[in-house]
Each structure stands twice: as C-alpha cells, then as structure tokens.
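One structure is given here, and the rest of the page talks about it.
Numbering (UniProt numbering), first residue to last: 1 to 311.
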C-alpha cells in the first residue's frame, strides 16, 4: 500500500498487493470451496467422539502431513523462542480453541446464525489490520464487506428470525463471537510471522503442532475418552477435514493473507456460507426464499466491491 512506508508506527510486515492475479483468485476459490463443503465432513464427526478429541485427531494428521512436506522441501524448522511463542499463539487462535468454541457454540444456535457470525471475520480482520498492522482502512473494502455481511444476514434471515434466542443460545452466540475474534487475531499473528521471514509451510506446521498440543491438554483436563468412531462417514470426514479443510485450505488462506492482506482474505468467510447453502440445496433440498435470493445477490455484489481492481 502506497502510504505504509510513510507511517512511522507501521508494522514491519510487507504491505499486501492491492491487485489480484490468477494465482490469488485460484487460492481464494480453493478456500471458499473447501470451507464451504466442510460441513458435510463436520456432520459426520458428531455424536460419539468428543469435539476436542475429534479436533485433536484432525490436527495431529494435518500437522504430520505438514511436517513431512516441510522436511521434503528441506525448509528451515529451527526457530528462536520468540518465533515459537508466535507459533503457539497462532496454533491456539487458529488451529484449536476457535474450532472448539465454534463447535460447542454451534450446538446451541441455528447453523444460519453460526455462518453469519463467522462471516463477521471479514469486518474484524479489517479493524484489527488497521489497529495492529497500521494498514489503511480503505472505504471501498469496508463498504464491500458491510454489503456482504448484510447479504449473508438476509440470506439466513428465516433461520435467524425463528431461532428464539434464550440463555443457552445467547451463550452459544457469545462463544461464536469469541471464536470469530480468535480467528481474526490468528490472522494477525500469521501475518507477523511472514514479517519475520518464516516460510508458510513451516509456520503452518509448527502452529498445527501447538494447536494439537492445546487440544490434547484440553481433552485431558476435561477427562475425555481418546476414541475413534470406526465408521466410513466418520473416517472419511476426518480425512477430508485434516487434508483439505486444514492443510490445503489453511495453506491457501494464509498465502492469501500474505498476498492480498487480511481484509480481502477474510472476505472468504463471507462467501463460504453461500457455497454451503448451494450444497445444501443439492443434497438436502434447501428451498430458496425471496430473502435468500436477495441475500445471495448482495453477498456476491459485496464480493465484487471488495475484490475489484483499483482504478
């Protein structure tokens, strides 16, 4: 960004590009699609195994894949303590505690409301990017994000309006809001690692190791049983979540953070509910209403505003 060098308080993190190339668009589509269809795999994880234990298996597999990948590339794996503290922070914020909060929060509130809350990450990314990274808050990006969030809210209005928020639902909403903030804070930590010259794969691998460690500690404290449901739906869902939703999608997402900045990368969280609803239409027979159609149109329009090339 053209003004970042003149700001005395600016972060050492390199300014992201304003423009999108085909590579960035491909990464964006990968993230939106992977997270948009991951609800099918998540549904298969419900019931028998405790959420934090299922998440532990997921990130143990993902971390192992990432470590093998890093070893094959011969990337640097030894880092000073200060960098490891950032790895641990990113792991807790993006690869463990936020998922636990979303999972338990989602048990108390409708899935539509959960999707809307998570889509607010596009806004919290903007605010945190301005406050922490001292990145200019572009009016066009803020406007597009607001339009997109409003569209997703309208898209899920029939579910939200009938949710009948009670104390349990309010607690679930609070957990989801906290999880969204955790996710956005993790974005900031990840961006700071790039400023310290940490390769993407090494950062993800170490962060997942620390995230899995946090999930192990939480499972032990809560006295959960370390079991696996030996069924094809559970194992298939676990494989998809570990490989596609974690390794591939998160690597793509963090790459987007570094290439186009937290604001535009975070807008993927506005679009993936649209993909989820499209899958639901095909698989579960979701019936589109007028508010849903209008909401989808607004969300797509907001996407165009945020991602459009600056003239």
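All residues carry an ideal CB built from backbone N, CA and C; glycine is no exception.
Requested in this report: Quick one: grab the DSSP three-state call for residue 223.
Outcome: The residue labelled residue 223 in the question sits at position 223 within the chain shown. Here residue 223 sits in coil by DSSP.
Query raised in the report: In terms of alpha-carbon separation, which member of 95, 292 and 44 lies closest to residue 61?
Result: In the chain shown, the residue the question calls residue 61 occupies position 61. Ranking the options by Cα distance to residue 61, first place goes to 95.
Query raised in the report: Are three or more beta carbon pairs between the stretch 39-56 and the stretch 142-158 nearer than 8 angstroms?
Result: Under the Cβ criterion (8 angstroms, minimum of three pairs), the stretch 39-56 does not count as touching the stretch 142-158.
Requested in this report: Sort 201, 231 and 297 by Cα distance to residue 252 and report the nearest one.
Outcome: On the chain shown, position 252 is the one that residue 252 refers to. The shortest Cα separation from residue 252 among 201, 231 and 297 belongs to 201.
Query raised in the report: Exposed or buried, which one is residue 329 when buried takes at least 16 other CB atoms within 10 Å?
Result: The question about residue 329 has no answer here: the residues shown for the chain are numbered 1 through 311.
Query - Between the CA atoms of residue 39 and residue 244 - distance to the nearest angstrom - result: Taking the first residue of the chain shown as position 1, residue 244 is located at position 244. Taking the first residue of the chain shown as position 1, residue 39 is located at position 39. Whole-angstrom Cα-Cα distance: 12 angstroms.
Query - Whole-angstrom C-beta distance between residue 154 and residue 295, which should lie under 8 angstroms - result: Here residue 295 corresponds to residue number 295 of the chain shown, with the count starting at 1. Here residue 154 corresponds to residue number 154 of the chain shown, with the count starting at 1. Indeed, because the Cβ distance is near 3 angstroms, the residues count as touching under 8 angstroms.
Query - Simplified DSSP assignment, three categories, for residue 128 - result: Along the chain shown, read from residue 1 onward, the residue named residue 128 stands at position 128. Residue 128 falls in the helix class under three-state DSSP.
Report task. Take every Cβ of the stretch 279-286, pair it with every Cβ of the stretch 100-107, and state whether three or more of those distances are shorter than 8 angstroms. Result -> Segments in contact, no.
Query raised in the report: Counting along the chain, where does the alpha helix (DSSP H) carrying residue 285 start and finish?
Result: Position 285 of the chain shown holds residue 285. Taken as a continuous stretch (DSSP letters only), residue 285 belongs to no alpha helix (DSSP H), as it is neither H nor E.
Query raised in the report: Between which two residues does the alpha helix (DSSP H) carrying residue 25 extend?
Result: Reading the chain shown from its first residue, position 25 is the one you call residue 25. For residue 25, the enclosing alpha helix (DSSP H) covers residues 22-44.
Requested in this report: Would you identify the three-state DSSP class for residue 96, choosing helix, strand or coil?
Outcome: Position 96 of the chain shown, counted from the first residue, corresponds to residue 96. Residue 96: coil per DSSP, three-state reduction.
Requested in this report: Determine the burial state of residue 106: buried for a count of at least 16 other Cβ atoms within 10 Å of its Cβ, exposed for fewer.
Outcome: Within the chain shown, the letter at position 106 stands for residue 106. Counting Cβ neighbours within 10 Å, residue 106 comes out buried, since at least 16 surround it.
Query - residue 293 to residue 185 span [Cα, whole Å] - result: Here residue 293 refers to the residue found at position 293 of the chain shown. Here residue 185 refers to the residue found at position 185 of the chain shown. Their Cα atoms are separated by approximately 32 angstroms.
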